[in-house]
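Below: one structure, written as structure tokens.
Protein chains: 4
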Amino acid sequence: MTPKREMRTDIGWSDASRITVFGHDFPSEILGRLNLGDMGFLELTGRIPNANESRMFNAMVVTLVEHGITPSALAARLTYLGAPESMQAAVAAGLCGLGSVFVGSIEGCAKMLYDAMPVGTTSDLAEIARDTVQRFRKEKKTIPGIGHPLHKPVDPRTPRLFAIADETGFSGPYVQLVNLVASEAEKLSGRLLPVNATGAIGALCCEMGFDWQICRGLGVMARAVGLVGHLLEESRRPMASQVWHMVEEEATAHFHSDSRAKAD
Amino acid sequence: MTPKREMRTDIGWSDASRITVFGHDFPSEILGRLNLGDMGFLELTGRIPNANESRMFNAMVVTLVEHGITPSALAARLTYLGAPESMQAAVAAGLCGLGSVFVGSIEGCAKMLYDAMPVGTTSDLAEIARDTVQRFRKEKKTIPGIGHPLHKPVDPRTPRLFAIADETGFSGPYVQLVNLVASEAEKLSGRLLPVNATGAIGALCCEMGFDWQICRGLGVMARAVGLVGHLLEESRRPMASQVWHMVEEEATAHFHSDSRAKAD
Amino acid sequence: MTPKREMRTDIGWSDASRITVFGHDFPSEILGRLNLGDMGFLELTGRIPNANESRMFNAMVVTLVEHGITPSALAARLTYLGAPESMQAAVAAGLCGLGSVFVGSIEGCAKMLYDAMPVGTTSDLAEIARDTVQRFRKEKKTIPGIGHPLHKPVDPRTPRLFAIADETGFSGPYVQLVNLVASEAEKLSGRLLPVNATGAIGALCCEMGFDWQICRGLGVMARAVGLVGHLLEESRRPMASQVWHMVEEEATAHFHSDSRAKAD
Amino acid sequence: MTPKREMRTDIGWSDASRITVFGHDFPSEILGRLNLGDMGFLELTGRIPNANESRMFNAMVVTLVEHGITPSALAARLTYLGAPESMQAAVAAGLCGLGSVFVGSIEGCAKMLYDAMPVGTTSDLAEIARDTVQRFRKEKKTIPGIGHPLHKPVDPRTPRLFAIADETGFSGPYVQLVNLVASEAEKLSGRLLPVNATGAIGALCCEMGFDWQICRGLGVMARAVGLVGHLLEESRRPMASQVWHMVEEEATAHFHSDSRAKAD
Numbered sequence: 004m005t006p007k008r009e010m011r012t013d014i015g016w017s018d019a020s021r022i023t024v025f026g027h028d029f030p031s032e033i034l035g036r037l038n039l040g041d042m043g044f045l046e047l048t049g050r051i052p053n054a055n056e057s058r059m060f061n062a063m064v065v066t067l068v069e070h071g072i073t074p075s076a077l078a079a080r081l082t083y084l085g086a087p088e089s090m091q092a093a094v095a096a097g098l099c100g101l102g103s104v105f106v107g108s109i110e111g112c113a114k115m116l117y118d119a120m121p122v123g124t125t126s127d128l129a130e131i132a133r134d135t136v137q138r139f140r141k142e143k144k145t146i147p148g149i150g151h152p153l154h155k156p157v158d159p160r161t162p163r164l165f166a167i168a169d170e171t172g173f174s175g176p177y178v179q180l181v182n183l184v185a186s187e188a189e190k191l192s193g194r195l196l197p198v199n200a201t202g203a204i205g206a207l208c209c210e211m212g213f214d215w216q217i218c219r220g221l222g223v224m225a226r227a228v229g230l231v232g233h234l235l236e237e238s239r240r241p242m243a244s245q246v247w248h249m250v251e252e253e254a255t256a257h258f259h260s261d262s263r264a265k266a267d
Numbered sequence: 004m005t006p007k008r009e010m011r012t013d014i015g016w017s018d019a020s021r022i023t024v025f026g027h028d029f030p031s032e033i034l035g036r037l038n039l040g041d042m043g044f045l046e047l048t049g050r051i052p053n054a055n056e057s058r059m060f061n062a063m064v065v066t067l068v069e070h071g072i073t074p075s076a077l078a079a080r081l082t083y084l085g086a087p088e089s090m091q092a093a094v095a096a097g098l099c100g101l102g103s104v105f106v107g108s109i110e111g112c113a114k115m116l117y118d119a120m121p122v123g124t125t126s127d128l129a130e131i132a133r134d135t136v137q138r139f140r141k142e143k144k145t146i147p148g149i150g151h152p153l154h155k156p157v158d159p160r161t162p163r164l165f166a167i168a169d170e171t172g173f174s175g176p177y178v179q180l181v182n183l184v185a186s187e188a189e190k191l192s193g194r195l196l197p198v199n200a201t202g203a204i205g206a207l208c209c210e211m212g213f214d215w216q217i218c219r220g221l222g223v224m225a226r227a228v229g230l231v232g233h234l235l236e237e238s239r240r241p242m243a244s245q246v247w248h249m250v251e252e253e254a255t256a257h258f259h260s261d262s263r264a265k266a267d
Numbered sequence: 004m005t006p007k008r009e010m011r012t013d014i015g016w017s018d019a020s021r022i023t024v025f026g027h028d029f030p031s032e033i034l035g036r037l038n039l040g041d042m043g044f045l046e047l048t049g050r051i052p053n054a055n056e057s058r059m060f061n062a063m064v065v066t067l068v069e070h071g072i073t074p075s076a077l078a079a080r081l082t083y084l085g086a087p088e089s090m091q092a093a094v095a096a097g098l099c100g101l102g103s104v105f106v107g108s109i110e111g112c113a114k115m116l117y118d119a120m121p122v123g124t125t126s127d128l129a130e131i132a133r134d135t136v137q138r139f140r141k142e143k144k145t146i147p148g149i150g151h152p153l154h155k156p157v158d159p160r161t162p163r164l165f166a167i168a169d170e171t172g173f174s175g176p177y178v179q180l181v182n183l184v185a186s187e188a189e190k191l192s193g194r195l196l197p198v199n200a201t202g203a204i205g206a207l208c209c210e211m212g213f214d215w216q217i218c219r220g221l222g223v224m225a226r227a228v229g230l231v232g233h234l235l236e237e238s239r240r241p242m243a244s245q246v247w248h249m250v251e252e253e254a255t256a257h258f259h260s261d262s263r264a265k266a267d
Numbered sequence: 004m005t006p007k008r009e010m011r012t013d014i015g016w017s018d019a020s021r022i023t024v025f026g027h028d029f030p031s032e033i034l035g036r037l038n039l040g041d042m043g044f045l046e047l048t049g050r051i052p053n054a055n056e057s058r059m060f061n062a063m064v065v066t067l068v069e070h071g072i073t074p075s076a077l078a079a080r081l082t083y084l085g086a087p088e089s090m091q092a093a094v095a096a097g098l099c100g101l102g103s104v105f106v107g108s109i110e111g112c113a114k115m116l117y118d119a120m121p122v123g124t125t126s127d128l129a130e131i132a133r134d135t136v137q138r139f140r141k142e143k144k145t146i147p148g149i150g151h152p153l154h155k156p157v158d159p160r161t162p163r164l165f166a167i168a169d170e171t172g173f174s175g176p177y178v179q180l181v182n183l184v185a186s187e188a189e190k191l192s193g194r195l196l197p198v199n200a201t202g203a204i205g206a207l208c209c210e211m212g213f214d215w216q217i218c219r220g221l222g223v224m225a226r227a228v229g230l231v232g233h234l235l236e237e238s239r240r241p242m243a244s245q246v247w248h249m250v251e252e253e254a255t256a257h258f259h260s261d262s263r264a265k266a267d
């Protein structure tokens, strides 16, 4: 009486002599032909990228690999301090924080752009940009993908990403739109609000036709690569233990001074 | 009186207009020039790979991206079922299981090969292989990186990886040694024990000079890419809920039959 | 020029001979006097519970410890299969899925109740319940904390939790309100929609005055306890490997039949 | 031809009106009767603790809930900074580091004691202690469960835990043995090496008959409770962002001074 269950994957399968991934013979058609970014593209689209897609997609994920000492890198290093035998768990800890605040702005920007201009529609981009900025201002929400605490007046990754988009044929209406949104927001707010790297990548995700829900995945793939590098550095030149002791000392200083005061 | 703390990273830094990663200007020297696998190589070595290194390293990590419905992919999908708003946490859950049993054999194989033949030594490879196999047999330990439950008599990825190693100049003594270890183990055990994909990658990690402690990192980087693909498929064609209900029903069937028996 | 940083914790501190937690001498005032649930109450309120608070809070978290073979328990078991040396990472994997779909309904229900009746206000509860149900119906949203796929017409945990609330003095307006919401929803929908365990706990969180944002934490604390039990069972009577092979076989069955068809 | 798969759990099951956990009717026999620590005992032993077991086990886990600003608490707080919508993932990140270095010493100590004196054997405890200490010194390994960087000459939790063990009947040969091991190690090394809290708990785990492999689980259960408290404090009085900026500034200071030097 149990209803029929269907469990099905179309990603891959294997038998004694063959391994097939997204319909391709893995050893002969993928291995040695695709790079790691191409595999990411294959996972997200089910097909092997052409040369332009490969160059653009790799640039997008490469942008997200390494952002130096981030909260995510620190969480991974502090985890490694306690469990050096489980490097995979330290990377996992670092990934857990790639949520709404940092990497999430990629998907926020892609969603904003798709909402403003659904795939297949054409419109007056300047008008859409004005409407979008006004909507966010009215709802008192931060516009995702523009502005940067450090990189001003330009996030240096953005012009480079958009130049690669020009060269590879991905500089379309969503790229135009995100630029117009930033200009409009700068005009209305009087602040420097450049399209930042996650905004550029959000727009390029739209150009590539990715679901906005999966855009965060580009950051997750990429950061896993960078976190392994941080753990290698941590294994050779540790900082986690110093971070811990320094923070503990500062954060409990008021107790110790209270304690001394009482003892006096 | 607090001892001097030193916290230092050599990975990267930025200011308002510049972003530097491993000494390279990120926008002009890395973005659009390196692919995602090259970034992994940069993270592990601190330098940009040449063409041969790029091809070999990308092949190694590409091998580890997608192994279909693994325990890791299932853990990620089951996590996504409960927290679809936190895709990063579902990938993290999937990575947590890349421990000693599966991906860990890369580092196990690399360590075995380095222990048997430290970097810079030369010796009679056949003798080293015999000694190594005998040592593992005596200690009743499984030799890491050889044998496969499904792929027999050959793991189809291994000859392809070793062919790429020939083409790129990475087919050295550690590749020879792992092949000799497998042959010796087959001879003594009478079983089919081909060098498997993690064994091939372990040997190639030695050829590239990576610390054995970091070898697991190749699997972690790679699998993060594959897990995003599984979550995209899960979002479109879910199986986690069916897996859950099916397992729950089977695993508690004895309770329900006891319960019916008591009611009779 | 750097702005003054302040890092401060009020949770605890120690020196060579003393350990203080939330202002209490840990060895003499907490150890041997508080149980594990009381520690949870102390963490959430900063004070030691009285007898009624202890009984109620322990009942709330105990309810969330063990729900059998859940997606969370399966994710933990599948992770343990690959990394048995990292039990902590298997529990972490299991916790990652306690998001919006399952445990999140505790906070959803608490937020709904607080939104409908802010702390310190009094109103006509029946009217608030009607308004709340109508608002959710209008927005086509599921009302959190009512209805259960299996437990009908009553979730057997709910009357017990509310009986303990009566005995301990926690049966106040939020408990009344959640019951009225469920009745109203049943009346309008014509379906059985009992207050479920997470709904009861959400209402009791309001009675206790917890921030709705922290309510998910009760589920996280509790489930960590249960997941350790699942991993102990998995270590003695494993099921993860069977789950994996069974799912893999079913999910790739279409490939194998295609493959056979081609071979014919 | 597929071998018969068996998936079975003995933990619990439910139907429309009943929920059974370890053979007990959950609503009537567990809810309102057991505290959270008792649930942990039930998960680890399959039976409800008596009053002495309840008191002892709760004391053991309560000891492990809150250790202030640990690397684990920092990892959780840094994760929460990026993904405040996923508190469960922040707790998971914090748990990932409970590995060999910190909480792992509980299982290390329990294993040492079981290895030295298997369950059911009786021997000259002083001789066993001497042999054990000599074996660790010969292998140049740290003896797990003794010594503490801060708490000297006594870890204030240990005498309290052992006093509760006296009161509850759990002060047996493993407690004696760990004390003798510490004395012997102090004598031979000339250093202060008190039995620390994890050593005391390791010995008490042996008195309770737990598998050494599961001892880490007590720390995992307990710390999940404490981490929720840290995240609540982080939500009200954040420190993660300051930690991040402070560490980033210090760790990249050499770049900035190099950069200024070049610009001069």
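Protein chains in written order, with the working numbering: chain D, 4 to 267; chain U, 4 to 267; chain B, 4 to 267; chain F, 4 to 267.
Where a beta carbon is used, it is the ideal one built from N, C-alpha and C, also for glycine.
Where residue i sits in the DSSP three-state scheme
i, result
"Thr48/B", "helix"
"Thr23/D", "strand"
"Gly212/D", "coil"
"Ser17/D", "strand"
"Val198/U", "strand"
"Arg11/U", "coil"
"Pro74/D", "helix"
"Phe173/F", "coil"
"Pro162/B", "helix"
"Ala254/D", "helix"
"Arg278/U", "The displayed coordinates of chain U run from 4 to 267. Any statement about residue 278/U would go beyond what the structure contains."
"Cys218/F", "coil"
"Met63/F", "helix"
"Leu37/D", "coil"
"Asp261/U", "helix"
Contact set for residue i: own chain, Cβ-Cβ below 8 Å, skip 5 residues either direction
i, result
"Pro156/D", "Leu195, Pro197"
Residues bridged to residue i (per DSSP)
i, result
"Asp28/D", "Thr23/D"
Neighbourhood of residue i by C-beta distance below 7 Å, restricted to the same chain and skipping five residues each side
i, result
"Ala129/B", "Leu183"
"Met224/B", "Gly43, Val64"
"Ile217/U", "Leu47"
"Gly107/F", "Arg219"
8 Å contact criterion, which residue i and residue j should meet: CB distance rounded
i, j, result
"Arg160/D", "Thr73/D", "Their Cβ separation, rounded to whole angstroms, is 15 Å, which puts Arg160/D and Thr73/D out of contact at 8 Å."
"Ala113/D", "Gly40/D", "At roughly 18 Å, the Cβ-Cβ gap does not stay under 8 Å, so Ala113/D and Gly40/D are not in contact."
Contacting residues, own chain, Cβ-Cβ under 6 Å from residue i (five flanking each side not counted)
i, result
"Leu81/U", "Ala243"
"Phe139/B", "Ile146"
"Val68/F", "Ala225, Val228, Gly229"
"Ala93/D", "Ala79, Thr82, Tyr83, Leu234"
Alpha helix (DSSP H) segments (min. 4 residues) lying fully within the segment 125-157 of chain F: 128-141
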